[in-house]
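Below is one structure, written out as structure tokens, with a few remarks after it.
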Amino acid sequence: MILQLSTYGSPALRKKSEPVKEITPELVKLACDMLETMYEANGIGMAAPQIGQNIRLVVMDLEKEEDERKPIILFNPEVLLAEGDNPIESEEEGCLSVPDIWAKVSRPTRVHLTYTNEKGETIVQQNVTGKLARCALHELDHLNGVLFVDKISMADKAMNASKLKRMAKGQQ
Ligand SMILES: [Zn+2]
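In our numbering, the protein residues as written are 776 to 947.
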């Protein structure tokens with residue numbers, strides 16, 4: 776089922792989300808609907824606040840080709856920055872909840888990722904890098920009410936100010 780996306784200005788995007796206490800069939804169904812919605816919108820990640828639910832649930836799939844899909848469902852994900860050499864890189868990001876804006880965001884490049892999967896198993900992925908690390912950090916921010924546009928440069932903020940204002944207005 777395709778779900779309704781919350782966009783910039785929606786209160787759910789600014790709330791801190793609650794941990795998931797028990798993985799129920801309903802929550803797994805919700806995660807599958809989030810994946811379907813994400814694929815439909817051509818995204819690579821989606822957090823529950825983006826569909827108006829303030830729970831700690833994220834879905835991701837870096838593969839855009841339909842026959843190569845590798846979806847992952849993350850309940851209560853935790854991202855720890857990897858110690859030691861961990862350069863900050865600036866890459867362009869976008870967000871399904873902030874349509875039509877792309878801008879560079881600086882993020883650490885190496886993280887450890889821990890989450891509970893849809894079977895209730897604890898998954899620990901050490902030293903995640905590249906696009907997956909960036910995507911996980913972006914989605915984790917969503918669970919804490921943070922959007923990528925909070926982290927863009929002053930120049931990019933200024934350039935997109937009227938677009939953001941219009942979007943926020945549309946939510947009232
Ligand atoms: Zn996003």
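Glycine residues also receive a C-beta, built at the ideal position from the N, C-alpha and C atoms.
Nearest candidate by alpha-carbon position, reference residue i, set the options
i, options, result
"G818", "A943, K796 and S872", "S872"
"R789", "N935, E868 and H917", "H917"
"T958", "E815, N861, P824 and E801", "Here the chain has residues from 776 to 947 only, and residue 958 is not among them."
"K796", "I830, P846, K906 and T812", "I830"
"P794", "Y783, A943 and P852", "P852"
"L780", "Q825, A806 and K940", "Q825"
"K926", "L907, P883, Q828 and K906", "P883"
"G827", "Y783, K944 and L907", "Y783"
"T897", "N919, F850, G920 and M942", "F850"
"R963", "N919, G820, D875 and K906", "Residue 963 is absent from the model: the chain starts at 776 and stops at 947."
"S865", "S785, K906 and N919", "K906"
"E841", "P786, E815 and S881", "E815"
Distance, residue j Cα to residue i Cα
i, j, result
"V854", "Q946", "31 Å"
"N902", "L912", "13 Å"
"L922", "V899", "25 Å"
"G895", "E914", "20 Å"
"E811", "K791", "24 Å"
"A823", "V833", "6 Å"
"S928", "K879", "8 Å"
"W877", "K804", "30 Å"
"C870", "V924", "9 Å"
"R885", "A857", "5 Å"
"M821", "M813", "6 Å"
"E838", "T799", "27 Å"
"E893", "A943", "34 Å"
"P846", "K938", "32 Å"
Burial state of residue i (16 or more Cβ within 10 Å)
i, result
"G859", "exposed"
"E863", "Correcting the residue type first, residue 863 is Ile in the shown sequence and not Glu. I863 should be labelled exposed."
"D836", "buried"
"I777", "exposed"
"R909", "buried"
"E868", "buried"
"A930", "exposed"
"A806", "buried"
Min CB distance residue i to chain D below 8 Å
i, result
"P786", "Checking the listed chains, one finds no chain D in this structure; it contains a single protein chain."
Touch check for the region 932-943 and the region 885-894: three-plus C-beta pairs under 8 Å?
no
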